[in-house]
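K.L.:
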Amino acid sequence: MHINKWQRKSLQVLGVLAFILLLIFYFSISTIDTTPYFETTYYKNTIQKMDSAIQDIKVSKGELFTGFASVNITPTIVQNHADSQKGEFNAIKMAGYGNGQIAKRIHDSIFAKAIAIDVAGQQVVFISADLVIIPELVVSKVAENLKGTIRRDQLFFGATHTHSSIGNCIPGFVGESFEGEFQPAVVEWLGQKITQLIINVLKDKKPSKFSSGHIKVPNLIRNRIIGNTGRLNDKLDLISFVQNNGRKAVIGIYGAHATTIGTWNDAFSADYPGYFQKRLEADTIDLALFFAGTVGSHSNKGDGEKYKKAQYIGETLADSAKTVIQTMSYDSVISISRITSELETPKLQAVYISDRLRLSPFIGQKLMYDMGPIYLQGLKLNNFIWIAMPYELSGEYGIDLKNALELEGYTSALTSFNGQYLGYIVPQKYYYFNTYEARLMGWYGPSMGDYLMELNYKMSNALTDKRL
Numbered sequence: 396m397h398i399n400k401w402q403r404k405s406l407q408v409l410g411v412l413a414f415i416l417l418l419i420f421y422f423s424i425s426t427i428d429t430t431p432y433f434e435t436t437y438y439k440n441t442i443q444k445m446d447s448a449i450q451d452i453k454v455s456k457g458e459l460f461t462g463f464a465s466v467n468i469t470p471t472i473v474q475n476h477a478d479s480q481k482g483e484f485n486a487i488k489m490a491g492y493g494n495g496q497i498a499k500r501i502h503d504s505i506f507a508k509a510i511a512i513d514v515a516g517q518q519v520v521f522i523s524a525d526l527v528i529i530p531e532l533v534v535s536k537v538a539e540n541l542k543g544t545i546r547r548d549q550l551f552f553g554a555t556h557t558h559s560s561i562g563n564c565i566p567g568f569v570g571e572s573f574e575g576e577f578q579p580a581v582v583e584w585l586g587q588k589i590t591q592l593i594i595n596v597l598k599d600k601k602p603s604k605f606s607s608g609h610i611k612v613p614n615l616i617r618n619r620i621i622g623n624t625g626r627l628n629d630k631l632d633l634i635s636f637v638q639n640n641g642r643k644a645v646i647g648i649y650g651a652h653a654t655t656i657g658t659w660n661d662a663f664s665a666d667y668p669g670y671f672q673k674r675l676e677a678d679t680i681d682l683a684l685f686f687a688g689t690v691g692s693h694s695n696k697g698d699g700e701k702y703k704k705a706q707y708i709g710e711t712l713a714d715s716a717k718t719v720i721q722t723m724s725y726d727s728v729i730s731i732s733r734i735t736s737e738l739e740t741p742k743l744q745a746v747y748i749s750d751r752l753r754l755s756p757f758i759g760q761k762l763m764y765d766m767g768p769i770y771l772q773g774l775k776l777n778n779f780i781w782i783a784m785p786y787e788l789s790g791e792y793g794i795d796l797k798n799a800l801e802l803e804g805y806t807s808a809l810t811s812f813n814g815q816y817l818g819y820i821v822p823q824k825y826y827y828f829n830t831y832e833a834r835l836m837g838w839y840g841p842s843m844g845d846y847l848m849e850l851n852y853k854m855s856n857a858l859t860d861k862r863l
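Under my numbering, read the sequence shown as residues 396 to 863, first letter to last.
(1) Does the structure place the region 655 to 675 close enough to the region 754 to 770 that three or more beta carbon pairs sit under 8 Å?
(2) If we count the other Cβ atoms within 10 Å of its Cβ and call it buried at 16 or more, is Ser572 buried or exposed?
(3) Looking at Trp838 and Leu863, is the spacing between their C-beta atoms short of 9 Å?
(4) Do Ala665 and Asp525 have their C-beta atoms closer together than 9 Å?
(5) Write down the C-beta distance between Leu459 and Ser603 rounded to the nearest angstrom, noting that I regard them as a contact closer than 8 Å.
(6) Is there contact here, the region 775 to 791 with the region 800 to 818, by at least three beta-carbon pairs under 8 Å?
(7) The alpha helix (DSSP H) spanning Ser465 covers which residue range?
(8) From which residue to which residue does the beta strand (DSSP E) around Gln365 run?
(9) Would you report the Cα separation of Glu574 and Ser724, rounded to the nearest angstrom?
(10) Closer than 7 Å by C-beta to Asp629: which residues in its own chain qualify, once you throw out the five before and the five after it? Chain order, please.
(11) Ignoring anything shorter than 4 residues or poking outside the region 740 to 809, list the alpha helix (DSSP H) runs there in chain order.
(12) Which whole-angstrom value is the C-beta distance of Asn660 and Gln496, which I expect to be below 8 Å?
(13) For Asn618 versus His556, is the C-beta distance shorter than 9 Å?
(14) Relative to the alpha-carbon of Val596, which residue among Tyr827, Ala644 and Val527 has its alpha-carbon at the smallest distance?
(15) Between Phe568 and Pro579, what straight-line distance do the alpha-carbon atoms span, to the nearest angstrom?
(16) If you reduce the DSSP assignment to three classes, tell me which class Gln815 lands in.
(17) Mind reading off the beta-carbon distance from Phe686 to Ser523? Whole number of angstroms is fine, and I expect it under 8 Å.
(18) If you check the beta carbons only, do Ile545 and Thr461 fall under 9 Å apart?
(19) Spell out a yes or no on whether the region 734 to 744 and the region 442 to 452 are touching, meaning 3 or more CB-CB pairs, one atom from each, closer than 8 Å.
(20) Hey, Ile375 and His558 are a contact pair by Cβ (cut 8 Å); roughly how many whole angstroms apart?
(21) Roughly how many angstroms separate the alpha carbons of Ala716 and Leu631, rounded to a whole number?
(22) Compare the Cα-Cα distances from Ala745 to each of Lys701, Glu801 and Tyr827 and report the closest residue.
(23) So, helix, strand or coil for Tyr649, using DSSP?
(24) Taking C-beta to C-beta, are Pro566 and Phe577 nearer than 9 Å?
(25) To which residues of the same chain is Thr859 closer than 8 Å at the C-beta, ignoring the five residues directly before and after it?
(26) For Gly608 versus Ile720, is the C-beta spacing smaller than 9 Å?
(27) Quick one: residues in its chain with C-beta nearer than 6 Å to the C-beta of Val473, no 5 flanking neighbours on either side, listed in chain order?
(28) With DSSP collapsed to three states, give me the class of Gln450.
(29) Closest to Ala653 by CA distance: which of Lys508, Leu850, Thr689 and Ser535 is it?
(30) Given Leu532, which residues of its chain have a CB within under 6 Å of its CB, disregarding the five upstream and five downstream residues?
(31) Determine the direct distance from the alpha carbon of Asn485 to that of Met848, and round the result to whole angstroms.
(32) What does the Cβ neighbour count give for Asn563, buried or exposed, with the cut at 16 atoms within 10 Å?
(33) For Asp548, tell me which candidate among Ile708, Glu676, Ser635 and Phe521 has the shortest Cα-Cα distance.
(34) Taking Pro431 as the reference, which of Ile449, Ala713, Gly844 and Asn623 has the closest Cα?
(35) Count the other C-beta atoms from every protein chain shown that fall within 10 angstroms of the C-beta of Lys824, then say buried if there are 16 or more, exposed otherwise.
(36) Could you tell me the alpha carbon to alpha carbon distance between Asp714 and Thr722, rounded to whole angstroms?
What follows is the structure in structure tokens.
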């Protein structure tokens with residue numbers, strides 16, 4: 396077969412192109428890092444930072460003061476000129492579903508709420524919002540606004556994890572895939588609203604009493620990775636504060652995803668956590684908050700469809716909460732201690748190629764926005780332990796730590812979305828299982844869960860002076 400000059404040239408060009416494509420492919424992927432995490436630099440650095448934070452623990456004991464506050468954060472959608480300072484926007488993408496809709500109306504208003512506590516001058520503020528997560532850029536804006544008033548390490552953030560709320564707050568390919576096109580004006584507005592919320596709650600502090608407890612609610616939660624055979628964290632954790640003037644506030648923490656309302660929806664809604672809060676506030680509770688717990692492997696279940704299902708779950712949870720609240724005994728003298736420690740992460744191992752291959756960390760990082768320091772926070776109030784985490788922890792992990800604490804006489808809460816987001820943290824046994832949680836949202840390799848759980852245990856040990 397005779398090959399002429401032009402055919403030869405074409406083959407050469409094709410060969411060069413094929414070689415370039417192979418090089419691009421070679422440098423765009425990497426094998427999964429299976430190095431034992433406790434031999435890595437990021438682990439050693441994190442342990443060193445946590446040891447330093449533990450040495451600086453301050454224990455305060457005295458009379459409890461608390462403040463309560465709430466702010467409506469429902470945006471107004473307008474057709475013409477929008478004034479973001481007034482919460483007016485032309486379009487808001489509802490966050491959480493990659494194929495979710497632009498909000499067109501309001502089914503139920505969404506809120507940010509806070510409780511401030513003060514014991515002998517040691518202050519902490521709990522903040523939860525009807526959002527899918529608490530975006531880091533919003534937290535940074537709040538921390539900057541409050542300089543000289545309260546520090547970031549005194550703020551414990553959380554979200555209800557409703558997927559029918561405000562998006563447009565996270566830059567980068569991944570952030571915009573789940574939240575829609577990044578809009579700095581939305582971040583600025585939310586930051587201002589939450590800043591004012593915290594200022595208001597700090598002004599409201601009054602002598603108070605505190606209690607905590609939990610109740611198992613297994614009929615509203617399921618293991619969404621492996622079904623009925625999977626383990627569950629089915630505890631509804633409750634924290635109650637009563638000001639001496641009679642005003643009451645309750646925080647509920649539960650591990651079922653707030654996804655009863657799907658991609659068909661085009662209206663703002665707090666999902667079942669909204670119904671939980673409204674049910675309590677319609678009774679004897681002046682302020683009810685909800686924090687997403689160990690939602691990394693758990694979904695919801697219940698009667699009804701769409702909003703009826705959300706109502707059933709939320710109101711059933713609230714009724715369960717009431718049975719615990721009615722039997723609580725309260726303390727006015729509180730011992731408080733807290734830890735805030737910075738953690739380092741392994742290199743990104745995101746975007747599935749094959750069981751052994753992922754997109755290279757360099758390329759993967761280009762899809763994400765650059766995070767600042769990543770914080771893990773812990774708090775002890777008498778016999779109650781709270782760990783606030785910047786990720787979605789699996790209930791299968793969480794139940795072991797909660798049971799260990801309970802055996803030592805402690806109630807506890809493990810909450811997600813503390814101002815940053817590291818994806819889903821599920822047990823290593825699921826890492827190679829073809830699931831959304833591990834394959835798409837497990838961004839840091841098979842050892843990430845065991846690594847973070849060691850940190851959770853270490854922080855709990857320091858707060859309780861036990862070896863769990």
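Backbone N, C-alpha and C define an ideal beta-carbon position, used for all residues, glycine too. Keep in mind that this is a model prediction, so the values were computed, not measured.
P.N.:
Per the coordinate set shown:
(1) no
(2) Here residue 572 is taken as the residue at index 177 of the sequence shown, counted from 1. Flag for Ser572 reads exposed.
(3) Working through the sequence shown from its first residue, we reach residue 863 at position 468. Working through the sequence shown from its first residue, we reach residue 838 at position 443. No; because the gap between Cβ atoms is not below 9 Å, this pair is not in contact.
(4) For the purposes of this step, residue 665 is taken as residue 270 along the sequence shown, with counting starting at 1. For the purposes of this step, residue 525 is taken as residue 130 along the sequence shown, with counting starting at 1. With respect to the 9 Å criterion, Ala665 and Asp525 are classified as neighbours on the basis of their beta carbons.
(5) Against the sequence shown, residue 459 aligns to sequence position 64. Against the sequence shown, residue 603 aligns to sequence position 208. Separation of the CB atoms of Leu459 and Ser603 is rounded to 5 Å, and the pair is thereby assigned contact status at 8 Å.
(6) yes
(7) Taking the sequence shown and counting its residues from 1, the one referred to as residue 465 is at position 70. No alpha helix (DSSP H) holds Ser465; the beta strand (DSSP E) holding it covers Ser455 to Asn467.
(8) The chain is shown only over 396 to 863; residue 365 falls outside these bounds and no answer can be derived.
(9) Position 179 of the sequence shown holds residue 574. Position 329 of the sequence shown holds residue 724. Their Cα atoms are separated by approximately 42 Å.
(10) Working through the sequence shown from its first residue, we reach residue 629 at position 234. Result list for Asp629: Lys611, Val612, Pro613 and Ile616, in chain order.
(11) 756 to 762 and 790 to 802
(12) Along the sequence shown, one-based indexing puts residue 660 at 265. Along the sequence shown, one-based indexing puts residue 496 at 101. With 8 Å as the limit, Asn660 and Gln496 qualify as a contact, their Cβ atoms being about 7 Å apart.
(13) Within the sequence shown, the letter at position 223 stands for residue 618. Within the sequence shown, the letter at position 161 stands for residue 556. It is not a contact, given that the beta carbons lie outside the stated cut-off.
(14) As a working note, residue 596 is residue 201 in the sequence shown. Of Tyr827, Ala644 and Val527, the residue nearest in Cα terms is Ala644.
(15) Residue 568 sits at position 173 when you count from the first residue of the sequence shown. Residue 579 sits at position 184 when you count from the first residue of the sequence shown. Roughly 15 Å separates the two Cα atoms.
(16) To locate residue 815, count along the sequence shown from 1; it is residue 420. Correct three-state label for Gln815: coil.
(17) The count along the sequence shown starts at 1 and reaches residue 686 at position 291. The count along the sequence shown starts at 1 and reaches residue 523 at position 128. Yes, they are in contact, since the Cβ atoms of Phe686 and Ser523 sit about 5 Å apart, within 8 Å.
(18) The residue labelled residue 545 in the question sits at position 150 within the sequence shown. The residue labelled residue 461 in the question sits at position 66 within the sequence shown. No, these two residues do not count as a Cβ contact at 9 Å.
(19) yes
(20) Residue 375 falls outside the range modelled here, since the chain spans only 396 to 863, and no answer is possible.
(21) As a first step, residue 716 is located in the sequence shown; it is residue number 321 there, counting from the start. As a first step, residue 631 is located in the sequence shown; it is residue number 236 there, counting from the start. Those two C-alpha atoms are separated by around 8 Å.
(22) Here residue 745 refers to the residue found at position 350 when the sequence shown is read from its first residue. Selected option, being the one with the closest Cα: Tyr827.
(23) For the purposes of this step, residue 649 is taken as the residue at position 254 of the sequence shown. Three-state DSSP puts Tyr649 in a strand.
(24) Your numbering for residue 566 matches position 171 in the sequence shown. Your numbering for residue 577 matches position 182 in the sequence shown. Yes, the pair counts as a contact, with Cβ atoms nearer than the cut-off.
(25) On the sequence shown, position 464 is the one that residue 859 refers to. Result list for Thr859: Lys775, Ile780, Leu800, Glu803 and Tyr805, in chain order.
(26) Along the sequence shown, read from residue 1 onward, the residue named residue 608 stands at position 213. Along the sequence shown, read from residue 1 onward, the residue named residue 720 stands at position 325. Yes, the Cβ-Cβ distance between Gly608 and Ile720 is below 9 Å.
(27) Residue numbering aside, residue 473 sits at position 78 when the sequence shown is read from its first letter. These residues qualify, in order along the chain: Glu483.
(28) Start at 1 with the first residue of the sequence shown, and residue 450 comes out as number 55. In the three-state DSSP reduction, Gln450 falls in the helix class (H, G or I).
(29) For this step, residue 653 is matched to residue 258 along the sequence shown. Nearest option by C-alpha distance: Thr689.
(30) Looking up residue 532 in the sequence shown gives position 137. For Leu532, the CB contacts under 6 Å within the same chain, skipping 5 residues up- and downstream, are Val582 in chain order.
(31) Walking along the sequence shown from the start, residue 848 turns up at place 453. Walking along the sequence shown from the start, residue 485 turns up at place 90. Going by C-alpha positions, Met848 is about 42 Å away from Asn485.
(32) As a working note, residue 563 is residue 168 in the sequence shown. With 16 or more other Cβ atoms within 10 Å, it is buried.
(33) Taking the first residue of the sequence shown as position 1, residue 548 is located at position 153. The candidate whose alpha carbon is nearest that of Asp548 is Phe521.
(34) Your numbering for residue 431 matches position 36 in the sequence shown. The option with the nearest alpha carbon to Pro431 is Gly844.
(35) Counting from 1 along the sequence shown, the entry for residue 824 is found at position 429. Under this definition Lys824 is an exposed residue.
(36) Residue mapping note: residue 714 aligns to position 319 of the sequence shown, counting from 1. Residue mapping note: residue 722 aligns to position 327 of the sequence shown, counting from 1. Near 13 Å, if we compare the C-alpha coordinates of Thr722 and Asp714.
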